[in-house]
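K.L.:
Chains as they are written, first to last, in full-length UniProt numbering: chain A, 1 to 346; chain B, 1 to 346.
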């Protein structure tokens, strides 16, 4: 049996597992088997990171994310900046200009007000940098022991040009996969903080807003099929989703994938595959082959894309699968993970 | 010293208290001292239940709420229907037609999938009844013991007629206060469920969408200044907010406030004031005096307003305060509560 076409294992569980929030196969199962059948509509069915809405003549993007990252503060950011960047980025990768955010807090009784002030101040700075306004909010408090310090939800609204149609179902054989910079920084930074690990060189989260990089790419007029910010589940999960949704194969070149030496070392030490590690300020873009070079050049001109690289291509073979040609020349399947190697990284 | 003008006590705390989520004075303090200075913009500064946004020629309302109700299931509803109604109502009381909702779940590891299915199914029914679509979502999972079963955030977008200008700062002396029906059902239903209390007659949550009642009221063309759904903190907190924001006094007539005998009895038994108890399907409307009768009649014609009543009026005296003429003819101040008599009711 061709290993590329053998059926995927089926997961059956009666209770929620950590992996249901991991952005991998269990998350996808939950979406397909519980949420989509219940709420099913053509907008939700797109299963992208944002919904596109037509309201009163305007074309809007709408998205939401809850943040449960642990610990709340880490090298390079905190739950506040992450909550702003995460929602800004989900709008931006849909081609939308992020405009307005909501912010809803669930706080644990006894949470230090000083920590809340720091987090709120970090949200303010992140919102200013991303040119969005936080316009509505909510605060709930639960008894001590009923939540882990604080959780934040942000929802966001952006405006989209009516001619744009970026979606995970748009990738076509021959298309090129671009990545804006080195992977795994965020996940490894969180893990290091959480476990008290100190790596030789400190690894800092890449949490950042992508709206400006995206605006530069859109301004080139290049034919972009789809963009993603590869957060939970990493580049592997985002590429798997695109392959499945577009019904194409994606082949990555291991040697071309940007990766810091420190992150590579930490992953080797910890037995983690950087392809599955979360990023919070990286952009994955699929574009038409004839536009790949100038789109890559535009990425590299932007400070957040200085480490950009062409990491792979779309194939008609291996439909629905992500494969990688390893440094040694072998080809392996990079499956969606069932469970979550690094829970609560966002 | 006139008790009506004595300064309000000041609260100073270094940690989050349950009352910071109670919708009373500590909530207002947190908003004014932490969130508003950080995020400050003219839209957030309105401090209403929803933000009004102008995007691409459309006038939109945008709102968010997290739901941490305990228990998850109660007589008359569950966290799912509550999460839909809560956000639908925050849009509706701004005069918006609710259109689209996001749904973000924080689930505890080990949460029964069957319970999730029930809650999601309840959300679907509530969304259908309110004619809204759930178009985007998110799921996070935290370790067992890190949250209380599940929390839900919903954010919502609605469209508003450009000529409407409903806001808590619009109340004027002489205006009339209308209420759509009996108060306290939701809070007491939750409390009964939580504490295993069984009252002689079972009390059922009033959780319901208000969009249709609001549409009927707007269709009358009456001059409505402001509407609220008096949830956390009850009618007392909503009226206090309006009095403070408009710089007017509000005087309620105790005898005119609709209240079920069972709820009155439960409140007496438990030492609770029904004016502070949460409602999840009641509408408070402030309108011009000349339109009060026909607006009340329109309320009463709607099934959800059958128990509607004219409960008070706006005064120039006692600016910023809510007072109540009691059944015995005395007048008392109904202050904003500092702490939360009934935490986690939504």
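Cβ coordinates follow ideal geometry from the N, Cα and C atoms, glycine included.
(1) When you compare the CB of residue 169 of chain A with every CB in chain B, is at least one pair closer than 8 Å?
(2) Tell me the rounded alpha-carbon separation between residue 326 of chain A and residue 244 of chain A.
(3) Hey, would you say residue 344 of chain B sits closer than 8 Å to residue 70 of chain B, going by beta carbons?
(4) When Cβ atoms are compared, which residues of the segment 330-345 of chain A fall closer than 9 Å to chain B?
(5) Can a CB atom of chain A be found closer than 8 Å to the CB of residue 18 of chain B?
(6) Below 7 Å CB to CB, which residues in the same chain sit around residue 170 of chain A once its five sequence neighbours on both sides are set aside?
(7) Look at residue 346 of chain B and residue 72 of chain B and say whether their C-beta atoms are less than 8 Å apart.
(8) Name, going along the chain, the residues of the UniProt domain "PurM-like C-terminal" (172-318) of chain B whose beta-carbon falls closer than 8 Å to a beta-carbon of chain A.
(9) Need the endpoints of the beta strand (DSSP E) that residue 312 of chain B sits in, please.
(10) Using DSSP with H/G/I as helix, E/B as strand and the rest coil, what is residue 324 of chain A?
(11) DSSP three-state label for residue 252 of chain B, please.
(12) What do you reckon, is the C-beta of residue 81 of chain B under 7 Å from a heavy atom of the ligand HEM?
(13) According to DSSP, is residue 262 of chain B part of a helix, a strand, or is it coil?
(14) Pick helix, strand or coil for residue 115 of chain B, following the three-state DSSP scheme.
(15) In angstroms with no decimal places, state the Cα-to-Cα distance between residue 194 of chain A and residue 208 of chain A.
(16) Give every residue of the same chain whose Cβ lies closer than 6 Å to the Cβ of residue 197 of chain A, excluding the five residues on either side of it in the sequence, and list them in chain order.
(17) Using a 10 Å radius around the Cβ and a threshold of 16 neighbouring Cβ atoms, would you call residue 108 of chain B buried or exposed?
(18) Hey, which unbroken runs of the alpha helix (DSSP H) at 4 residues or more fall wholly within the UniProt domain "PurM-like N-terminal" (48-160) of chain B?
(19) In chain B, what lies closer than 8 Å to residue 64 of chain A by C-beta?
(20) Smallest Cα separation from residue 328 of chain A: which of A/305, A/56, A/202, A/255?
(21) According to DSSP, is residue 288 of chain A helix, strand or coil?
(22) Alpha carbon to alpha carbon, how far is residue 31 of chain B from residue 135 of chain A? Give it in angstroms, no decimals.
(23) Does any residue of chain A have a CB that is nearer than 8 Å to the CB of residue 71 of chain B?
(24) DSSP state of residue 162 of chain A, grouped into three classes?
(25) Whose C-alpha, out of B/276, B/90, B/333, is nearest the C-alpha of residue 49 of chain B?
(26) Strictly below 8 Å CB to CB, what residues from chain A border residue 41 of chain B?
(27) Measuring CA to CA, which of A/105, A/279, A/312, A/74 is closest to residue 206 of chain A?
(28) Suppose you measure from the CA of residue 79 of chain B to the CA of residue 149 of chain B; what does that come to, to the nearest Å?
(29) What residues of chain A sit near residue 50 of chain B, judged by a beta carbon separation below 7 Å?
(30) Determine, using beta carbons only, whether residue 252 of chain B and residue 177 of chain B come nearer to each other than 8 Å.
(31) Using three-state DSSP, classify residue 220 of chain B as helix, strand or coil.
(32) Under 8 Å, with one C-beta from each stretch per pair, do the segment 158-168 of chain A and the segment 114-125 of chain A reach the 3-pair mark?
(33) Please list the partners that residue 44 of chain A has in chain B, where partner means a Cβ-to-Cβ separation under 9 Å.
(34) What's the call for residue 144 of chain A, buried or exposed, on a 16-neighbour Cβ count within 10 Å?
(35) Suppose the cutoff is 7 Å on Cβ atoms and the five residues either side in sequence are ignored; what does the same chain contact list for residue 186 of chain B look like?
(36) Is any beta-carbon of chain A found at less than 8 Å from that of residue 84 of chain B?
P.N.:
Reading from the atomic positions:
(1) To locate residue 169 of chain A, count along the first chain from 1; it is residue 169. Cβ-Cβ to chain B under 8 Å: no for residue 169 of chain A.
(2) As a working note, residue 326 of chain A is residue 326 in the first chain. As a working note, residue 244 of chain A is residue 244 in the first chain. Just so you know, the alpha carbons of residue 326 of chain A and residue 244 of chain A end up roughly 22 Å apart.
(3) By one-based count along the second chain, residue 344 of chain B stands at place 344. By one-based count along the second chain, residue 70 of chain B stands at place 70. Yes; because the gap between Cβ atoms is below 8 Å, this pair is in contact.
(4) 340, 343, 344
(5) The residue you call residue 18 of chain B lines up with position 18 of the second chain. Interface residue, yes.
(6) Reading the first chain from its first residue, position 170 is the one you call residue 170 of chain A. These residues qualify, in order along the chain: 225, 226, 246.
(7) Counted from its first residue, the second chain places residue 346 of chain B at position 346. Counted from its first residue, the second chain places residue 72 of chain B at position 72. No, Cβ-Cβ distance for residue 346 of chain B and residue 72 of chain B is not below 8 Å.
(8) Only those residues of the UniProt domain "PurM-like C-terminal" (172-318) of chain B whose C-beta falls short of 8 Å from the nearest C-beta of chain A would be listed, and there are none.
(9) Here residue 312 of chain B is taken as the residue at index 312 of the second chain, counted from 1. Counting along the chain, the beta strand (DSSP E) containing residue 312 of chain B begins and ends at 309-315.
(10) Here residue 324 of chain A refers to the residue found at position 324 of the first chain. Of the three classes helix, strand and coil, the one that applies to residue 324 of chain A here is strand, per DSSP.
(11) As a first step, residue 252 of chain B is located in the second chain; it is residue number 252 there, counting from the start. Of the three classes helix, strand and coil, the one that applies to residue 252 of chain B here is strand, per DSSP.
(12) Because no ligand of any kind appears in the structure shown, any question about the ligand HEM cannot be addressed here.
(13) Counting from one through the second chain, the residue named residue 262 of chain B turns up at place 262. In this structure, residue 262 of chain B counts as helix in the three-state DSSP scheme.
(14) In the second chain, counting from the first residue as 1, residue 115 of chain B sits at position 115. Residue 115 of chain B falls in the helix class under three-state DSSP.
(15) In the first chain, residue 194 of chain A corresponds to position 194, counting from 1. In the first chain, residue 208 of chain A corresponds to position 208, counting from 1. So the alpha carbons of these two residues sit roughly 21 Å apart.
(16) Within the first chain, the letter at position 197 stands for residue 197 of chain A. If we look at residue 197 of chain A and ignore the five residues flanking it on each side, it has no Cβ neighbours.
(17) The residue labelled residue 108 of chain B in the question sits at position 108 within the second chain. Buried, since its Cβ has 16 or more Cβ neighbours within 10 Å.
(18) 79-92, 113-129
(19) In the first chain, counting from the first residue as 1, residue 64 of chain A sits at position 64. Going along chain B in sequence order, the residues near residue 64 of chain A (Cβ under 8 Å) are 102, 103, 104, 136, 137, 138, 153, 155.
(20) Counting from one through the first chain, the residue named residue 328 of chain A turns up at place 328. Taking only the C-alpha atoms, the option nearest residue 328 of chain A is A/255.
(21) Taking the first residue of the first chain as 1, we reach residue 288 of chain A at position 288. In this structure, residue 288 of chain A counts as coil in the three-state DSSP scheme.
(22) Here residue 135 of chain A corresponds to residue number 135 of the first chain, with the count starting at 1. Here residue 31 of chain B corresponds to residue number 31 of the second chain, with the count starting at 1. Approximately 12 Å between the Cα atoms of the pair.
(23) Against the second chain, residue 71 of chain B aligns to sequence position 71. No, residue 71 of chain B lies away from the interface with chain A (no Cβ there is under 8 Å from its Cβ).
(24) Working through the first chain from its first residue, we reach residue 162 of chain A at position 162. Of the three classes helix, strand and coil, the one that applies to residue 162 of chain A here is coil, per DSSP.
(25) For this step, residue 49 of chain B is matched to residue 49 along the second chain. Checked all of B/276, B/90, B/333; the closest Cα to residue 49 of chain B is B/90.
(26) For this step, residue 41 of chain B is matched to residue 41 along the second chain. The contacting residues are 133, 134, 135.
(27) The residue given as residue 206 of chain A occupies position 206 in the first chain. It is A/279.
(28) Along the second chain, read from residue 1 onward, the residue named residue 79 of chain B stands at position 79. Along the second chain, read from residue 1 onward, the residue named residue 149 of chain B stands at position 149. Going by the C-alpha atoms only, they are around 11 Å apart.
(29) In the second chain, the residue the question calls residue 50 of chain B occupies position 50. Near residue 50 of chain B (Cβ distances below 7 Å), the residues of chain A are 136.
(30) To locate residue 252 of chain B, count along the second chain from 1; it is residue 252. To locate residue 177 of chain B, count along the second chain from 1; it is residue 177. Cβ atoms of residue 252 of chain B and residue 177 of chain B: closer than 8 Å.
(31) The residue labelled residue 220 of chain B in the question sits at position 220 within the second chain. Coil, per DSSP.
(32) no
(33) Looking up residue 44 of chain A in the first chain gives position 44. Result: 133, 134, 135, 136, 137.
(34) Here residue 144 of chain A is taken as the residue at index 144 of the first chain, counted from 1. Exposed: under 16 other Cβ atoms inside 10 Å.
(35) Against the second chain, residue 186 of chain B aligns to sequence position 186. If we look at residue 186 of chain B and ignore the five residues flanking it on each side, its Cβ neighbours are 205, 206, 207, 278, 279, 280, 345.
(36) Numbered from 1 along the second chain, position 84 holds the residue referred to as residue 84 of chain B. Chain A contact via Cβ: absent.
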